Amino acid sequence: MSKKIDHNRRRALHITSGIMGAVTVGAFAVPFLSAWNPSEKAKALGAAVKFDLSKLLPGSMAVIEWRRTPIFVVHQTDEAIKNLPKLNDRVTNPALSEGISRTSNQKYTILKGVCTHLSCAPKYHPEIEPKAWDQEWLGGFFCPCHGSKFDLAGRVYKGVPAPTNLEVPPHSFDGDNLIIGEEV
Amino acid sequence: MEKAKKNSFMSWLDKRLPVTENLERHLTKHPVPKKVNFFYIFGALLMVIFMVQVITGIWLMMFYTNTEEGAFASIEYIMRDVEYGWLMRYMHSTGASAFFFLMYFHMFRGLLYGSYQKPKELVWLFGCFLLFLLMAEGFLGYVLPWGQMSYWAANVILSLFGAIPFIGPDLQVWIQGDYVLSGATLSRFFALHVVVVPLLMIALVVFHIFALHEVGAGNPEGVDIEKHRDKNGMPLDGAPFHPYKTLSALPAIGIFFVIFFAIVFFAPEGGGYFLEKPNFEEADFLKTPEHIAPVWYYAPFYSILRAITFGIPFLGITSKFLGFIIFAGSIAILFIVPWLDRSNVQSIRYKGIYSKVAMILFAASFLTLGYLGTKPVNELRTLIAQICTLFYFLPLILMPIYTKYEKTLEVPDRL
Numbered sequence: 001m002s003k004k005i006d007h008n009r010r011r012a013l014h015i016t017s018g019i020m021g022a023v024t025v026g027a028f029a030v031p032f033l034s035a036w037n038p039s040e041k042a043k044a045l046g047a048a049v050k051f052d053l054s055k056l057l058p059g060s061m062a063v064i065e066w067r068r069t070p071i072f073v074v075h076q077t078d079e080a081i082k083n084l085p086k087l088n089d090r091v092t093n094p095a096l097s098e099g100i101s102r103t104s105n106q107k108y109t110i111l112k113g114v115c116t117h118l119s120c121a122p123k124y125h126p127e128i129e130p131k132a133w134d135q136e137w138l139g140g141f142f143c144p145c146h147g148s149k150f151d152l153a154g155r156v157y158k159g160v161p162a163p164t165n166l167e168v169p170p171h172s173f174d175g176d177n178l179i180i181g182e183e184v
Numbered sequence: 001m002e003k004a005k006k007n008s009f010m011s012w013l014d015k016r017l018p019v020t021e022n023l024e025r026h027l028t029k030h031p032v033p034k035k036v037n038f039f040y041i042f043g044a045l046l047m048v049i050f051m052v053q054v055i056t057g058i059w060l061m062m063f064y065t066n067t068e069e070g071a072f073a074s075i076e077y078i079m080r081d082v083e084y085g086w087l088m089r090y091m092h093s094t095g096a097s098a099f100f101f102l103m104y105f106h107m108f109r110g111l112l113y114g115s116y117q118k119p120k121e122l123v124w125l126f127g128c129f130l131l132f133l134l135m136a137e138g139f140l141g142y143v144l145p146w147g148q149m150s151y152w153a154a155n156v157i158l159s160l161f162g163a164i165p166f167i168g169p170d171l172q173v174w175i176q177g178d179y180v181l182s183g184a185t186l187s188r189f190f191a192l193h194v195v196v197v198p199l200l201m202i203a204l205v206v207f208h209i210f211a212l213h214e215v216g217a218g219n220p221e222g223v224d225i226e227k228h229r230d231k232n233g234m235p236l237d238g239a240p241f242h243p244y245k246t247l248s249a250l251p252a253i254g255i256f257f258v259i260f261f262a263i264v265f266f267a268p269e270g271g272g273y274f275l276e277k278p279n280f281e282e283a284d285f286l287k288t289p290e291h292i293a294p295v296w297y298y299a300p301f302y303s304i305l306r307a308i309t310f311g312i313p314f315l316g317i318t319s320k321f322l323g324f325i326i327f328a329g330s331i332a333i334l335f336i337v338p339w340l341d342r343s344n345v346q347s348i349r350y351k352g353i354y355s356k357v358a359m360i361l362f363a364a365s366f367l368t369l370g371y372l373g374t375k376p377v378n379e380l381r382t383l384i385a386q387i388c389t390l391f392y393f394l395p396l397i398l399m400p401i402y403t404k405y406e407k408t409l410e411v412p413d414r415l
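Just so you know, the sequences run in chain order E and S.
Under this note's numbering, think of the first position of the first sequence as 1, with each following residue one higher.
Under this note's numbering, think of the first position of the second sequence as 1, with each following residue one higher.
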């Protein structure tokens, strides 16, 4: 044993053991942090939902549950699509950036059935007739909780409590099938 | 050696565990200022309420079910079927309100009398961490009954994490353990509420007190009691912690419990402010309550969050995310107060007019924000909240300037 302390050797040992220690701690953190990710069960319950569009007639709506949210799937009639531009000056945000009915497929409108005001469920009223809440109703969604109005494309009317359009969930089309929860 | 003859058991013990040494150091010979005012009782009361929460919490845990299906029913079971279950629960829920009440007064005392100034920075810092942990603890605990307000208030708070650019949505899913707030979230919140956060709090309380005993407690005059000592080295303006401080705390603890139990027995819901009415209904993910309001102790900070109705579009910062930043900043700024105060005196009594006005503005803004936070928003209230947010921050942000230049009074030599 020499009496002289080799400081360089000591420093190298400090650094390497420090790095090894940090790597060990980091590696051990992985399982603990990963455990917080959605479990396989949660993933299965939250997985994309497939829906067969061929049975959905024009003018009708289906409600599908996806991640505890009701999803509205509307098969638009030609008349409804023609009527949408007429409402441009009555809605807050007339731009239909995602296509005429706010989806990648012109005929179908896919919306989260959750009012953007306080998360009530808006009701589907496709009829073109005077309503208690609107004398010039051209079809759309009406929220009975606080009277928010949306058109058939989910665009919010001016002067209602809801601040924004009904949300469009991630979705894609596969032939006749609609897949909710997955974008292409 | 003389002591050894008196009590051989203590001497046997002291050779193996420094009992007498530490009792003397922290109790019987620890000097505290002999003259303080009522503001200095809140620390002791906080220790008491912490113990109340731990004990009632352990008992509640014996009957509570931490699942989505069972949580709400188990609270009803505790309230109706468990003997004195209602007492445990109301003590715990009232205890939460009391904890915050005492904490806010304790911290305001610190701000008034400069209890954060050199060399007490760490005492203050540990205290701020305790406030942060208490807020986390309260939030986690509020979710556990799985009532409507538990569910929807948690949704509001968790969606704040979702508002963080880039990582937000994934972070929110990771915290929730699901794509929506669900049973997975509930059971991890339970683990955090009963184990992780309380453990951290106990550790920080220990640090808080050890640091305090190292630098010595302050007083409303801001006089340094260490300057003048008697022959035995005891400060002339000090008195031993035990029995002087311990005994004088007892009546205060008594009065506190009278008020505490008056609330527990006669008004445990606190008019909807301690236990909110929608929370007597089980969580329903398809039905949002009319008006989501936080419990009173979060109201000032919730108000700040809501007051930010604008974002910074060219930086891609949404109003929601900016609100989150300012909201976090309103707590974070408290941590740096020791380095913002450049005054040559500690106590507000000897500080200048600017410090006094600043403290009044700060306190008034905090109270107004608290009031607004429990009310639904409208344009006027949002405007007032924005002004109050400004006057919450300004007294702290401008502190380095006004404390440095204002005229202070001379602090007396003795207490």
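Every residue, glycine too, gets a C-beta built ideally from N, C-alpha and C.
The structure displayed is predicted, hence computed values, not measured ones.
Whole angstroms is fine: what's the gap from residue i's alpha carbon to residue j's?
i: A184 (chain S); j: L199 (chain S); result: 22 angstroms
i: F142 (chain E); j: K41 (chain E); result: 35 angstroms
i: H193 (chain S); j: G141 (chain S); result: 6 angstroms
i: K118 (chain S); j: S187 (chain S); result: 42 angstroms
i: D52 (chain E); j: I180 (chain E); result: 11 angstroms
i: R296 (chain S); j: R80 (chain S); result: The sequence shown places Trp at residue 296 (chain S), rather than the Arg named in the question. If you take the alpha carbons of W296 (chain S) and R80 (chain S), they lie about 26 angstroms apart.
i: P77 (chain E); j: V168 (chain E); result: Per the sequence presented here, residue 77 (chain E) reads as Thr, with Pro not at that position. Taking the straight line from one Cα to the other gives about 19 angstroms.
i: T69 (chain E); j: K112 (chain E); result: 7 angstroms
i: S11 (chain S); j: H26 (chain S); result: 19 angstroms
i: K15 (chain S); j: F42 (chain S); result: 36 angstroms
i: E127 (chain E); j: T164 (chain E); result: 23 angstroms
i: H171 (chain E); j: P165 (chain S); result: 22 angstroms
i: V54 (chain S); j: L247 (chain S); result: 24 angstroms
i: P169 (chain S); j: A153 (chain S); result: 18 angstroms
i: E226 (chain S); j: N219 (chain S); result: 12 angstroms
i: P161 (chain E); j: N378 (chain S); result: 12 angstroms
i: V25 (chain E); j: L171 (chain S); result: 22 angstroms
i: A358 (chain S); j: P395 (chain S); result: 5 angstroms
i: Y90 (chain S); j: I202 (chain S); result: 23 angstroms
i: L102 (chain S); j: G70 (chain S); result: 33 angstroms
Residue i bridges to which residues according to DSSP?
i: P172 (chain E); result: Going by the sequence as given, residue 172 (chain E) is Ser instead of Pro. Partner(s): E:I179.
i: M61 (chain E); result: E:V74
i: I312 (chain S); result: S:I317
i: T403 (chain S); result: Paired residues: none, contrary to the question.
i: F261 (chain S); result: Bridge partners of F261 (chain S): none, in fact.
i: H125 (chain E); result: E:G140
i: G238 (chain S); result: S:P33
i: I253 (chain S); result: Bridge partners of I253 (chain S): none, in fact.
i: W12 (chain S); result: Bridge partners of W12 (chain S): none, in fact.
i: L158 (chain S); result: Partner(s): none; L158 (chain S) has no beta bridge.
i: K50 (chain E); result: E:I179
i: G147 (chain S); result: S:E282
i: T109 (chain E); result: E:V74
Please classify residue i as buried or exposed, where buried requires at least 16 neighbouring CB atoms within 10 angstroms.
i: F189 (chain S); result: buried
i: L250 (chain S); result: exposed
i: G271 (chain S); result: exposed
i: H106 (chain S); result: buried
i: T288 (chain S); result: buried
i: L13 (chain S); result: exposed
i: F366 (chain S); result: buried
i: P33 (chain S); result: buried
i: A4 (chain S); result: Note that A4 (chain S) scores a pLDDT of 49, beneath 50, so its modelled location is shaky; the value from the coordinates is reported in the next line. Burial call: exposed.
i: W339 (chain S); result: exposed
i: R109 (chain S); result: buried
i: K120 (chain S); result: buried
i: S39 (chain E); result: exposed
Taking 7 angstroms as the cut-off, is the C-beta of residue i nearer than that to any heavy atom in the ligand ZN?
i: K55 (chain E); result: With respect to the ligand ZN, the structure shown offers nothing to examine, as it has no ligands at all.
What residue ranges within the region 19-100 of chain S form continuous alpha helix (DSSP H) runs of no fewer than 4 residues, ordered along the chain? If we require 4 residues or more, the alpha helix (DSSP H) runs fully inside the region 19-100 of chain S come out as 19-23, 42-61, 71-80.
Inspect the CB distances between the region 254-266 of chain S and the region 81-97 of chain S and report whether three or more fall short of 8 angstroms. Contact annotation: the region 254-266 of chain S touches the region 81-97 of chain S, with at least three C-beta pairs closer than 8 angstroms.
Tell me whether the region 269-281 of chain S and the region 148-158 of chain S touch, counting them as touching only if at least three CB pairs, one residue from each stretch, are closer than 8 angstroms. Result yes; three or more Cβ-Cβ pairs closer than 8 angstroms.
Tell me the start and end of each unbroken alpha helix (DSSP H) in the region 311-373 of chain S that is at least 4 residues and wholly inside, in chain order. 319-335, 337-340, 353-373, all fully within the region 311-373 of chain S.
State whether the region 155-165 of chain E contacts the region 81-98 of chain E, with contact taken as three or more CB pairs (one from each stretch) at a distance under 8 angstroms. Result yes; three or more Cβ-Cβ pairs closer than 8 angstroms.
Would you check if there are 3 or more beta carbon pairs closer than 8 angstroms linking the region 241-256 of chain S to the region 70-80 of chain S? Because the criterion of three Cβ pairs below 8 angstroms is not met, the region 241-256 of chain S and the region 70-80 of chain S do not touch.
Is it a yes or a no for the region 107-115 of chain S touching the region 347-364 of chain S, going by three-plus beta-carbon pairs under 8 angstroms? Using a C-beta cut-off of 8 angstroms, the region 107-115 of chain S makes contact with the region 347-364 of chain S, since at least three inter-stretch Cβ pairs fall below that distance.
Does the region 368-378 of chain S come into contact with the region 297-306 of chain S, if we say contact requires no fewer than three beta-carbon pairs (one atom in each stretch) closer than 8 angstroms? Yes, they touch.
Quick check on the DSSP output: what are the complete alpha helix (DSSP H) runs of length 4 or more inside the region 165-241 of chain S, in order along the chain? Entirely contained in the region 165-241 of chain S, the alpha helix (DSSP H) runs reaching 4 residues are, in chain order, 168-176, 183-191, 197-215.
Three or more C-beta pairs closer than 8 angstroms, one from the region 384-392 of chain S and one from the region 338-346 of chain S: is that the case here? The answer is no - the region 338-346 of chain S does not touch the region 384-392 of chain S, with fewer than three Cβ pairs under 8 angstroms.
Mind the definition here: the region 72-82 of chain E touches the region 27-46 of chain S only if three or more C-beta pairs lie below 8 angstroms; say whether that holds. Contact between the region 72-82 of chain E and the region 27-46 of chain S is absent, because fewer than three Cβ pairs lie under 8 angstroms.
Determine, using beta-carbon pairs with one atom in the region 322-341 of chain S and one in the region 124-131 of chain S, whether at least three such pairs fall under 8 angstroms. In this structure the region 322-341 of chain S touches the region 124-131 of chain S; the number of beta carbon pairs closer than 8 angstroms is three or more.
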